[in-house]
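Here the sequence shown is numbered in full-length UniProt numbering, starting from 1 and rising by one per residue. All residues carry an ideal CB built from backbone N, CA and C; glycine is no exception. Bear in mind the structure is a predicted one, so any value in this text is a computation, not a measurement.
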Amino acid sequence: MACLGRLKFKVFSDNAAVHNARLTKEFFQENNITLLDHPACSPDLNPIENIWGWMAREVYKNGHQFQTVDALCEAIFNTWSNVPTSLLETLASSMPKRLFEVINKNGGATHY
Numbered sequence: 001m002a003c004l005g006r007l008k009f010k011v012f013s014d015n016a017a018v019h020n021a022r023l024t025k026e027f028f029q030e031n032n033i034t035l036l037d038h039p040a041c042s043p044d045l046n047p048i049e050n051i052w053g054w055m056a057r058e059v060y061k062n063g064h065q066f067q068t069v070d071a072l073c074e075a076i077f078n079t080w081s082n083v084p085t086s087l088l089e090t091l092a093s094s095m096p097k098r099l100f101e102v103i104n105k106n107g108g109a110t111h112y
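Next comes the structure, spelled out in structure tokens:
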């Protein structure tokens, strides 16, 4: 994949099914992507999940489709470079509420 050659990647693996699939493991190995294992975590306490959602909406805004992998990679890199500071601040400031809600739900799902 052309866009992978420019950067070194490290991926956190939380034993999600997509991280453990044979094809995924082969892809990581073939592209020299380092996997950093850590225990499964609640996505409610991981604001990066919100950023991934925002990025996907931005990249594919108005039904945009990409003709090449390079064009998609460029859009992803540009979107990542332009994550609004206000989004980061909002997510950071939501952490106390997230923690409180997870504790109140005894580790169960929250609205985050």
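C-beta contact flag for E101 and T110 at 9 Å = yes
key: Cα-Cα separation, V83 to M55   = Between the alpha carbons of V83 and M55 lies a gap of roughly 8 Å.
query = Opposite K97 in the DSSP bridges: which residues?
reply = Note: K97 sits in no beta bridge, so no partner.
inquiry  = Please state the DSSP three-state secondary structure of T90.
reply    = helix
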